[in-house]
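Chemist: Respectively, the protein sequence lines represent chains A and B.
For my numbering, add 503 to where a residue sits in the first sequence, where the first one is 1.
For my numbering, add 193 to where a residue sits in the second sequence, where the first one is 1.
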Amino acid sequence: MMDLSTLIQLLDSTLRLATPLLFACLAGLFSERAGIFDIGLEGKMLAAAFFAAAAAAMTGSVWLGLVAGIASSVALSLLHGAASITFRGNQLISGVAINFLAAGLTVVIGEAWFELGGRTPALEGAARFQEITLPLAGTLSGIPVLGPLYAEVLSGHSILVYVGLLAVPATWFVLFRTRFGLRLRAVGENPGAVDTAGISVVRLRYSAVIICGLLCGLAGAHLATGLSAGFVKDMSAGRGFIALAALIFAKWRPWYALGACLLFGLLDALGNRFQSLDLFGATVPTQFMQALPYILTVVILAGFVGKATPPRAGGTPYVKER
Amino acid sequence: MNGIPRWVDIALIPLINLALALLVSALVIALIGENPADAMGVMIRGAVGSAYGWGYTLYYATNFIFTGLAVAVAFHARMFNIGGEGQAALGGLGVALVCLAIPWPHWTLALVAASFGAALFGAAWAAVPAWLQATRGSHIVITTIMFNFIASALLVYLLVNVLKVPGSMAPETARFPEGARLPSAYDWGAWMGFGRSAPLNVAFFLALGCCVAVWVLIWKTRLGYEIRAFGQSEPAAKYAGIRPVRTIMIAMLISGGLAGLMAVNAVQGEAERLIIDSVQGAGFVGIAVALMGRSHPLGVLLAAILFGALYQGGAELEFEIPAISREMIVVIQALVILFTGALDNMVRGPVEGMFRRPRKGAA
């Protein structure tokens with residue numbers, strides 16, 4: 504089996520790979536809890552990755568890149584909001600359109616700006632998020648088991664990884680301990696009741712959609728300026744859909760979302776490291792591990808292992824009573 | 194229906210939506226510093242200006258007719274089948290297994306058998322999501338998306354580990370036997386100017402046949418009536434004795450089968466072996482095609498030819514104006530889906546208002 508150092512490397516890349524999933528998953532959580540289905544997470548993440556990398560390449564500042572990434576993702580969110588809230592269109596179709604729009608525009612614009620076949624120039628130095636060493640990581644690394652776990656797994660990531668981890672309790676707090684969160688959840692279950700109480704359904708849903716864009720922006724920026732050094736065509740590679748799967752797997756709850764994203768991140772890390780896995784004498788092909796998040800989600804959706812019930816008003820536009 | 198003339202609903206509104214999508218596309222081209230009118234000219238000439246162009250345009254259109262009909266049939270039962278991509282990939286597997294099974298004596302036999310294989314595998318891949326939706330209430334959009342990814346992983350596994358020619362590095366099956374080769378446009382349409390390279394083949398006529406069959410099914414049979422009634426109102430359909438589980442299953446199996454049939458064109462007709470990613474996004478184009486075609490077979494046919502021209506024109510565009518990437522067609526496709534699907538009410542509201550007023554005045 505594996506030795507300790509392999510295990511530590513594996514957990515290290517799990518955390519790294521789980522971060523974009525986590526941001527996107529929490530993004531979907533806000534949107535879907537407010538009753539707006541969002542299968543456009545993938546597209547928003549991709550657009551943010553491109554604009555983050557493009558702005559970082561042009562200005563040399565990763566922070567300006569982050570701002571550009573978030574701005575592009577929020578812009579797509581507002582488009583989704585316009586289609587699904589203002590014009591009461593089909594939220595799923597709007598999500599599909601946004602995914603294609605991002606997939607196409609990132610390459611068309613990238614090719615026009617940089618002429619590198621849809622890539623952005625490679626980022627280095629201040630144009631990328633650097634690894635941060637947590638305090639005392641050097642001193643504590645001598646402690647058996649816990650030391651390396653702290654020094655090598657938890658320490659040494661870019662700042663967005665820690666922001667992602669902190670976003671989980673923050674999301675929990677906002678959704679379950681604030682008035683805004685209560686209203687947000689109510690608008691996803693029974694918008695009519697929220698409206699009767701004199702609170703604007705439209706404004707609440709737009710807020711949710713904007714928060715969703717912001718978090719997707721962080722996911723994309725991490726992808727292009729943290730995980731890799733620049734943008735390549737289709738670099739989100741289905742992560743938006745894995746995040747969607749994680750959201751269902753977590754049954755639309757923040758802490759479970761963290762668990763689901765770490766699990767799917769681990770599967771990704773395993774698939775990257777091993778061509779095939781030998782488990783109990785049987786060989787598990789890497790393609791099976793790539794498909795596992797989707798298979799697990801279908802099983803959960805089927806309700807054989809704990810039924811996943813989406814927010815009740817999800818997917819339906821709200822029409823004010825006349 | 195809403196007191197507006199029928200032609201406004203089925204022609205004017207889709208055309209305005211399409212015009213808006215093209216307008217925004219032109220804006221994108223202008224923003225990256227190219228001339229939209231030139232680009233449009235290149236695309237139109239490349240797609241429909243020569244027999245060479247038509248040979249590709251109609252080949253792509255054939256794929257999109259199958260996937261568009263697949264989405265359309267499901268739409269009638271108010272099911273959004275986003276899994277055409279996976280169902281078509283599995284259809285490819287069905288075609289490959291049939292074509293490689295025996296040395297086929299004649300292409301007509303191979304076509305019939307491969308069509309069965311393609312439809313069977315495509316339908317089978319739609320069956321699980323359909324059954325989960327019908328009996329467990331699992332959202333069909335999510336499950337079909339998941340099944341797209343599972344299909345892609347499954348096909349990579351099969352091509353790399355099982356179906357690959359021994360000793361070869363390429364993850365693809367052996368070439369299909371000569372007897373399974375479908376006559377290409379050059380074989381039956383050389384007099385129209387189609388060259389040897391044209392990928393267009395007899396599967397085009399199969400697609401036309403499917404348009405007619407779907408029209409008959411949806412509007413001329415009891416089953417089609419049940420599907421439409423179920424799609425209009427589930428409680429009313431139930432009250433009328435229409436069984437929901439049966440209706441969902443049948444609509445989705447037909448939908449998956451139609452998506453699978455795409456492989457007859459792409460895998461048997463063109464590639465003549467199964468390769469990785471034989472679908473190339475056609476499953477998703479089907480969504481745009483069905484939306485534009487208002488889920489009517491004739492509309493689907495016209496929209497599929499339009500998208501076929503878009504795909505072929507886009508390929509020419511990249512060749513003639515290298516600054517405009519081929520992905521521009523993905524942008525146009527996205528905008529068509531956005532305007533005809535998601536932002537439909539934006540146009541519909543004002544247009545309907547415009548046409549309703551005079552009638553009120555007359556009454």
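Using N, Cα and C, we set each Cβ at its ideal position, and we do this for glycine too.
Bear in mind that the values here come from a model prediction, so they are computed numbers and not experimental data.
(1) Can you tell me where the alpha helix (DSSP H) with residue 244/B in it begins and where it stops?
(2) Contact criterion: CB-CB distance below 8 Å. Does residue 599/A meet it with respect to chain B?
(3) Under 8 Å: do the segment 490-504 of chain B and the segment 272-279 of chain B share three or more Cβ pairs, one atom per stretch?
(4) So, residue 300/B versus residue 389/B, is the Cβ gap smaller than 8 Å?
(5) Decide if residue 432/B is buried, meaning its Cβ has at least 16 other Cβ atoms within 10 Å, or exposed.
(6) Using the DSSP secondary-structure output, state which residues sit across from residue 660/A in a beta bridge.
(7) So, residue 351/B versus residue 314/B, is the Cβ gap smaller than 8 Å?
(8) Name the chain A residues whose beta carbon is nearer than 9 Å to that of residue 544/B?
(9) Which residues bound the alpha helix (DSSP H) around residue 642/A?
(10) Using 8 Å as the threshold, is the C-beta distance between residue 269/B and residue 421/B below it?
(11) Could you run through the segment 526-538 of chain B and flag, in chain order, every residue whose CB is less than 8 Å away from some CB of chain A?
(12) Does the Cβ of residue 536/A have 16 or more other Cβ atoms within 10 Å, making it buried, or fewer, making it exposed?
(13) Spatial neighbours of residue 774/A within its chain, please: C-beta separation below 6 Å, excluding the five flanking residues on both sides.
(14) Expressed to the nearest angstrom, what Euclidean distance is found between the alpha-carbon atoms of residue 409/B and residue 738/A?
(15) Can you find a C-beta in chain B that's less than 8 Å from the C-beta of residue 793/A?
(16) Note down the Cα distance separating residue 718/A from residue 362/B, rounded to an integer number of angstroms.
(17) Looking only at its own chain, which residues have a Cβ that is under 7 Å from the Cβ of residue 519/A, when we skip the five neighbours before and after it?
(18) Using the Cα positions of residue 435/B and residue 424/B, report the straight-line distance between them to the nearest angstrom.
(19) Applying a beta-carbon distance threshold of less than 8 Å, which residues of chain E neighbour residue 366/B?
(20) Per DSSP, what kind of secondary structure is residue 377/B in: helix, strand or coil?
(21) Determine the chain B residues that contact residue 797/A at a beta-carbon separation under 7 Å, and present them in chain order.
(22) What would DSSP say about residue 203/B, mapped onto helix, strand or coil?
(23) Please specify which runs of the beta strand (DSSP E), each continuous and at least 3 residues long, are wholly inside the segment 662-693 of chain A, giving them in chain order.
(24) Taking the continuous alpha helix (DSSP H) assigned at residue 576/A, which residues delimit it?
(25) Using a Cβ-Cβ distance cut-off of 8 Å, determine whether residue 595/A contacts chain B.
(26) Comparing alpha-carbon positions, which option in 574/A, 566/A, 638/A lies nearest residue 626/A?
(27) Could you check where the alpha helix (DSSP H) with residue 647/A kicks off and where it finishes?
(28) At least one CB of chain B closer than 8 Å to the CB of residue 512/A: is that the case?
(29) Counting only Cβ pairs nearer than 9 Å, list the residues of chain B close to residue 608/A.
(30) Any beta-carbon of chain A closer than 8 Å to the one on residue 255/B?
(31) Of all Cβ atoms in chain A, is any one closer than 8 Å to the Cβ of residue 514/B?
(32) Using beta-carbon positions only, say whether residue 248/B and residue 376/B come within less than 8 Å of one another.
(33) Tell me whether residue 593/A sits in a helix, a strand or coil according to DSSP, three-state version.
(34) Suppose the cutoff is 6 Å on Cβ atoms and the five residues either side in sequence are ignored; what does the same chain contact list for residue 194/B look like?
(35) Check this for me: beta carbons of residue 704/A and residue 758/A, under 8 Å apart or not?
(36) Once DSSP output is grouped into helix, strand and coil, what is the label at residue 210/B?
Modeler: In brief:
(1) Residue numbering aside, residue 244/B sits at position 51 when the second sequence is read from its first letter. Looking at the DSSP string, the run of the alpha helix (DSSP H) that includes residue 244/B is 244-269.
(2) Walking along the first sequence from the start, residue 599/A turns up at place 96. With 8 Å as the cut-off, residue 599/A counts as an interface residue toward chain B.
(3) no
(4) For the purposes of this step, residue 300/B is taken as residue 107 along the second sequence, with counting starting at 1. For the purposes of this step, residue 389/B is taken as residue 196 along the second sequence, with counting starting at 1. Going by C-beta atoms, residue 300/B is not nearer than 8 Å to residue 389/B.
(5) Here residue 432/B corresponds to residue number 239 of the second sequence, with the count starting at 1. It counts as exposed.
(6) Here residue 660/A is taken as the residue at index 157 of the first sequence, counted from 1. Note: residue 660/A sits in a beta bridge opposite 635/A.
(7) Residue mapping note: residue 351/B aligns to position 158 of the second sequence, counting from 1. Residue mapping note: residue 314/B aligns to position 121 of the second sequence, counting from 1. No, these two residues do not count as a Cβ contact at 8 Å.
(8) Counting from one through the second sequence, the residue named residue 544/B turns up at place 351. Result: empty, since nearest Cβ-Cβ is about 13 Å, beyond 9 Å.
(9) In the first sequence, the residue the question calls residue 642/A occupies position 139. It spans 640-643 - the alpha helix (DSSP H) in which residue 642/A sits, taken as one unbroken run.
(10) Along the second sequence, read from residue 1 onward, the residue named residue 269/B stands at position 76. Along the second sequence, read from residue 1 onward, the residue named residue 421/B stands at position 228. Yes; because the gap between Cβ atoms is below 8 Å, this pair is in contact.
(11) 526, 527, 528, 530, 531, 534, 535, 536, 537, 538
(12) Taking the first residue of the first sequence as position 1, residue 536/A is located at position 33. So residue 536/A counts as buried.
(13) Here residue 774/A refers to the residue found at position 271 when the first sequence is read from its first residue. The answer, listed in chain order, is 789, 792, 793.
(14) For the purposes of this step, residue 409/B is identified with residue 216 of the second sequence, where counting begins at 1. For the purposes of this step, residue 738/A is identified with residue 235 of the first sequence, where counting begins at 1. Answer to the nearest angstrom: the Cα atoms are 44 Å apart.
(15) The count along the first sequence starts at 1 and reaches residue 793/A at position 290. Residue 793/A counts as touching chain B.
(16) The residue you call residue 718/A lines up with position 215 of the first sequence. The residue you call residue 362/B lines up with position 169 of the second sequence. Cα to Cα, the separation comes out at about 42 Å.
(17) Counting from one through the first sequence, the residue named residue 519/A turns up at place 16. So the list reads 660, 664, 730, once near-sequence residues are dropped.
(18) As a first step, residue 435/B is located in the second sequence; it is residue number 242 there, counting from the start. As a first step, residue 424/B is located in the second sequence; it is residue number 231 there, counting from the start. Computed Cα separation, rounded: 11 Å.
(19) In the structure shown, chain E does not exist; the protein chains are A and B.
(20) Residue mapping note: residue 377/B aligns to position 184 of the second sequence, counting from 1. Three-state DSSP puts residue 377/B in a strand.
(21) Along the first sequence, read from residue 1 onward, the residue named residue 797/A stands at position 294. Ordered by position in chain B, the residues that pass the 7 Å Cβ test against residue 797/A are 339, 342, 343.
(22) Within the second sequence, residue 203/B is the residue found at index 10, counting from 1. Residue 203/B: helix per DSSP, three-state reduction.
(23) none
(24) Your numbering for residue 576/A matches position 73 in the first sequence. Element bounds for residue 576/A: 565-584.
(25) The count along the first sequence starts at 1 and reaches residue 595/A at position 92. Chain B, which has a Cβ nearer than 8 Å to the Cβ of residue 595/A, makes this yes.
(26) Residue mapping note: residue 626/A aligns to position 123 of the first sequence, counting from 1. Residue 626/A has its Cα closest to that of 566/A, out of 574/A, 566/A, 638/A.
(27) The residue given as residue 647/A occupies position 144 in the first sequence. From DSSP, residue 647/A is part of no alpha helix (DSSP H); its letter is neither H nor E.
(28) On the first sequence, position 9 is the one that residue 512/A refers to. Not one chain B Cβ lies under 8 Å of residue 512/A.
(29) Indexing the first sequence from 1 puts residue 608/A at position 105. Result: 221, 520, 523, 524, 527.
(30) Looking up residue 255/B in the second sequence gives position 62. Not an interface residue.
(31) Your numbering for residue 514/B matches position 321 in the second sequence. No, residue 514/B does not count as interfacial toward chain A.
(32) In the second sequence, the residue the question calls residue 248/B occupies position 55. In the second sequence, the residue the question calls residue 376/B occupies position 183. Result no, Cβ atoms of residue 248/B and residue 376/B do not sit closer than 8 Å.
(33) Locating residue 593/A in the first sequence gives position 90, where the first residue counts as 1. Coil at residue 593/A, not helix or strand.
(34) For the purposes of this step, residue 194/B is taken as residue 1 along the second sequence, with counting starting at 1. Because the pLDDT at residue 194/B is just 47, under 50, the model does not fix this residue reliably, and the point stays unresolved.
(35) Counted from its first residue, the first sequence places residue 704/A at position 201. Counted from its first residue, the first sequence places residue 758/A at position 255. Taking 8 Å as the Cβ cut-off, residue 704/A and residue 758/A do not qualify as a contacting pair.
(36) Start at 1 with the first residue of the second sequence, and residue 210/B comes out as number 17. Residue 210/B: helix per DSSP, three-state reduction.
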